[in-house]
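Plus 157 on top of the position in the sequence shown (first one is 1) and you've got this note's numbering. Beta carbons are placed, not taken as given, at the ideal position from N, Cα and C, and that holds for glycine. What you are looking at is a predicted structure, and each value in this text was computed from that prediction instead of being measured.
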Amino acid sequence: MAYDVVVIGTGPGGYVCAIKAAQLDLKTAVVEKQATHGGTCVNVGCIPSKALLHASEMFMEAQHSFADLGVEVSPKLNLKQMLAHKTQTVEQNTKGLDFLIKKNKIDVLRGTGKIIAAGKVSVTDGDGKTQEVETKNIVIATGSDVAGIPGVEVAFDEKVILSSTGALDLAKVPGHLVVVGGGVIGLELGSVWARLGAKVTVVEFLDSILGGMDSEVAKQFQRMLGKQGFEFKLGAKVTAVAKTKKGATVTFEPVKGGDAQTIEADAVLVATGRRPYTEGLGLSEAGVELDQRGRVKTDAHWRTNVPGIYAIGDVIAGPMLAHKAEDEGVAVAETIAGQAGHVNYDVIPGVVYTSPEVASVGKTEDQLKAEGIDYKVGKFPFSANGRARAMLHTDGFVKILADKATDRVLGGHILGFGAGEMIHEIAVLMEFSGSSEDLARTCHAHPTMSETVKEAALATFFKPIHI
Ligand code: NAI
């Protein structure tokens with residue numbers, strides 16, 4: 158039987174694409190080699206890490222801020238239960254996906270998918286049995302894998318030398334965790350283990366953590382992590398990660414020159430980025446072109462150079478974010494169905510789920526400067542917000558950047574408790590090309606943390622009230 162669409166990979170890009178295609182009455186199948194759907198995000202990424210981040214944040218709050226609220230407790234870590242909570246959370250999500258895939262009458266082809274040619278996909282299951290299916294369209298949604306450190310041999314054993322997967326499943330809290338890479342994964346998973354009692358040292362190549370984020374936000378955030386006990390070695394290039402009898406060592410060189418240093422660790426998390434996953438997909442045989450960084454090359458409509466073959470998510474260019482992949486999945490299904498699929502790449506929020514959270518959408522101040530755009534900036538601190546004081550979440554601020562001439566909001570950055578939820582009102586505003594005055598004149602419920610967004614908008618177009 159011929160399908161309208163076969164989607165290879167059921168991460169957030171793939172399964173969302175398949176559901177949307179089925180909703181649009183396209184005969185749809187998905188190919189998945191893992192036992193569960195959801196890809197990295199649901200199984201070993203976004204979802205399990207958020208379960209651990211939430212649980213460890215509660216542990217930290219119980220130790221440090223409950224007493225100030227008049228709640229006396231003596232918290233004790235039950236790591237086994239915390240990990241069980243994580244596993245249950247993942248299971249609830251994968252079961253949910255099974256339900257959605259069934260509900261939408263999507264066929265599941267279990268095994269490894271390979272593109273034979275446009276219109277033809279083979280699927281080989283665990284027993285080596287292969288079936289071939291015909292389809293009008295193929296969507297590659299195979300995601301990404303751990304990149305490792307270019308030029309450095311890293312022998313991941315997921316016990317001492319960890320990727321993000323192993324760092325979600327340690328049987329005991331390491332005494333000293335060295336994190337290679339001060340990006341999103343390093344800081345999120347570093348936070349989990351720091352809150353549970355590990356000493357965490359982050360070794361980062363760049364001069365700042367969270368490269369690419371607004372540098373003012375990144376600097377303040379680094380100070381806050383420092384107060385939580387994080388140690389940072391910035392401008393430091395890791396050149397070796399070795400296992401020892403007692404644990405491991407990490408060797409790094411100052412980027413600007415100088416002597417190499419070696420530090421000892423009980424565990425090392427290598428979080429130096431991810432790379433597109435295309436192994437075994439048959440792309441070169443099918444004639445699908447890759448770019449210089451190994452990503453599947455696509456046009457503005459997610460079409461590869463081979464008619465009828467599309468690609469979305471981490472395997473193509475752009476930020477490696479689940480929600481970017483999901484939106485591409487919807488848009489490509491709409492495109493295949495003859496509709497006008499579209500993703501606005503200028504308005505993709507990014508959130509780091511640490512404590513406090515860091516959230517951003519649109520341009521950073523650094524980008525506006527580099528691009529020579531005349532802008533104005535409005536800021537407001539959570540320390541001046543009543544709700545934040547009531548909840549003891551006064552760290553951080555909201556920053557809004559708007560075009561100087563038109564007042565159109567070009568970017569929003571939030572460092573603070575709940576930033577990942579609040580960022581979306583700025584994203585919606587930007588989708589509608591709104592101004593800082595539009596945002597400031599929108600009535601915000603009192604008392605809410607979100608009033609800080611309103612005040613920052615007021616500060617952008619005129620003056621805030623409460624400072
Ligand atoms: P990343 O690209 O965010 O950070 C990697 C860091 O490692 C960079 O700062 C880089 O300068 C540093 N680095 C590279 N080589 C190094 C070396 N030899 N020595 C020292 N430092 C070195 O990558 P990460 O954190 O591994 O995340 C992978 C992807 O997953 C990213 O695209 C990220 O956006 C995504 N992700 C997103 C999350 C979220 O949205 N909350 C959560 C987790 C991952």
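Neighbourhood of S213 by C-beta distance below 6 Å, restricted to the same chain and skipping five residues each side:
As a position in the sequence shown, residue 213 is number 56, starting the count at 1. Counting only Cβ-Cβ distances below 6 Å, and skipping sequence neighbours, we find V349, R352 and L353.
Should P604 be listed as close to the ligand NAI, given that the test is whether its C-beta is under 7 Å from any heavy atom?
Locating residue 604 in the sequence shown gives position 447, counting from the first residue. Checking the Cβ of P604 against the ligand NAI gives no.
Shorter than 7 Å, the distance from the beta carbon of K243 to the closest heavy atom of the ligand NAI, or not?
On the sequence shown, residue 243 is found 86 positions in, with the first residue counted as 1. No, Cβ of K243 sits at least 7 Å from all heavy atoms of the ligand NAI.
Between the Cα of A224 and the Cα atoms of A494, V201 and M548, which residue gives the shortest distance?
If you number the sequence shown from 1, residue 224 lands on position 67. When only C-alpha atoms are compared, the closest one is M548.
Where Q180 and N261 are concerned, what is the direct C-alpha to C-alpha distance, given to the nearest angstrom?
For this step, residue 180 is matched to residue 23 along the sequence shown. For this step, residue 261 is matched to residue 104 along the sequence shown. Rounded to the nearest angstrom, the two C-alpha atoms are 7 Å apart.
Closer than 7 Å by C-beta to K394: which residues in its own chain qualify, once you throw out the five before and the five after it? Chain order, please.
In the sequence shown, counting from the first residue as 1, residue 394 sits at position 237. Contacts found: F362, F409, E410 and V412.
Element boundaries [alpha helix (DSSP H), containing D523]:
Position 366 of the sequence shown, counting from 1, holds the residue named residue 523. Per DSSP, D523 belongs to the alpha helix (DSSP H) from E522 to A527.
Could you compute how far the alpha carbon of L382 sits from the alpha carbon of A422?
Locating residue 382 in the sequence shown gives position 225, counting from the first residue. Locating residue 422 in the sequence shown gives position 265, counting from the first residue. Cα-Cα distance, rounded: 19 Å.
What residue ranges within the region 368 to 406 form continuous alpha helix (DSSP H) runs of no fewer than 4 residues, ordered along the chain?
372 to 384
Start and end residues, beta strand (DSSP E) containing P631
What the structure shows of the chain is the stretch from 158 to 624, and residue 631 is not part of that stretch, so it cannot be assessed.
Answer with buried or exposed for F539, where buried requires no fewer than 16 other C-beta atoms within 10 angstroms of its C-beta.
Counting from one through the sequence shown, the residue named residue 539 turns up at place 382. When all chains shown are included, F539 counts as buried.
Can you tell which of G392, A375 and K402 has its C-alpha closest to the C-alpha of D416?
Here the question's residue 416 lines up with position 259 in the sequence shown. Comparing Cα-Cα distances from D416 to each of G392, A375 and K402, the minimum goes to G392.
Taking 7 Å as the cut-off, is the CB of G439 close to at least one heavy atom of the ligand NAI?
Residue mapping note: residue 439 aligns to position 282 of the sequence shown, counting from 1. Answer for G439: no, Cβ out of range of the ligand NAI.
Only counting runs of 3 or more residues, tell me where the beta strand (DSSP E) segments fall wholly within the region 459 to 540, in order along the chain.
466 to 468, 507 to 509, 514 to 519 and 532 to 538
Between D523 and G591, what straight-line distance do the alpha-carbon atoms span, to the nearest angstrom?
The residue you call residue 523 lines up with position 366 of the sequence shown. The residue you call residue 591 lines up with position 434 of the sequence shown. The C-alpha of G591 is placed about 21 Å away from the C-alpha of D523.
Beta strand (DSSP E) runs wholly inside the region 216 to 276, at least 3 long, in chain order:
264 to 267 and 269 to 274
What does the alpha-carbon distance come out to for the pair T244 and T617?
Numbered from 1 along the sequence shown, position 87 holds the residue referred to as residue 244. Numbered from 1 along the sequence shown, position 460 holds the residue referred to as residue 617. The alpha-carbon atoms of T244 and T617 are separated by roughly 44 Å.
Neighbourhood of L615 by C-beta distance below 6 Å, restricted to the same chain and skipping five residues each side:
Reading the sequence shown from its first residue, position 458 is the one you call residue 615. Answer for L615: A597 and P621, listed in chain order.
Span separating the alpha-carbon of V553 from that of H499:
Mapped onto the sequence shown, residue 553 falls at position 396. Mapped onto the sequence shown, residue 499 falls at position 342. Note on identity: in this sequence residue 553 is Gly, with Val being the wrong assignment. Looking at the backbone, the Cα of G553 and that of H499 are separated by about 34 Å.
Pull up the CB-CB distance for A424 and P331, whole angstroms please, since I reckon it's below 8 Å.
On the sequence shown, position 267 is the one that residue 424 refers to. On the sequence shown, position 174 is the one that residue 331 refers to. Yes, A424 and P331 are in contact; Cβ-Cβ is about 4 Å, under 8 Å.
Do V335 and G343 have their beta-carbon atoms positioned less than 8 Å apart in this structure?
Numbered from 1 along the sequence shown, position 186 holds the residue referred to as residue 343. Numbered from 1 along the sequence shown, position 178 holds the residue referred to as residue 335. Cβ distance not < 8 Å, so G343 and V335 don't count as in contact.
Within 10 Å of its beta-carbon, does G568 have 16 or more other beta-carbons around it, so buried, or fewer, so exposed?
Against the sequence shown, residue 568 aligns to sequence position 411. Buried, since its Cβ has 16 or more Cβ neighbours within 10 Å.
Does the beta carbon of A178 fall short of 7 Å from some heavy atom of the ligand NAI?
Position 21 of the sequence shown holds residue 178. Checking every heavy atom of the ligand NAI against the Cβ of A178, none is found closer than 7 Å.
Could you give the residue range of the beta strand (DSSP E) that holds Q288?
As a working mapping, residue 288 is identified with position 131 in the sequence shown. From DSSP, the beta strand (DSSP E) with Q288 extends over T287 to I297.
When the distance is taken between beta carbons, is T358 closer than 8 Å to I295?
Your numbering for residue 295 matches position 138 in the sequence shown. Your numbering for residue 358 matches position 201 in the sequence shown. It is not a contact, given that the beta carbons lie outside the stated cut-off.
Assuming V164 and A298 are in contact, meaning their beta carbons sit under 8 Å apart, how far apart are those beta carbons, in whole angstroms?
Residue mapping note: residue 164 aligns to position 7 of the sequence shown, counting from 1. Residue mapping note: residue 298 aligns to position 141 of the sequence shown, counting from 1. So it is a contact: roughly 6 Å between Cβ atoms.
Measuring from the CB of V201, is there a heavy atom of the ligand NAI at a distance below 7 Å?
Taking the sequence shown and counting its residues from 1, one reaches residue 201 at position 44. No - the ligand NAI has no heavy atom lying nearer than 7 Å to the Cβ of V201.
Boundaries (first-last residue) of the beta strand (DSSP E) holding S590
As a first step, residue 590 must be located in the sequence shown, where it is residue number 433. Where S590 is concerned, there is no enclosing beta strand (DSSP E), given that its DSSP letter is neither H nor E.
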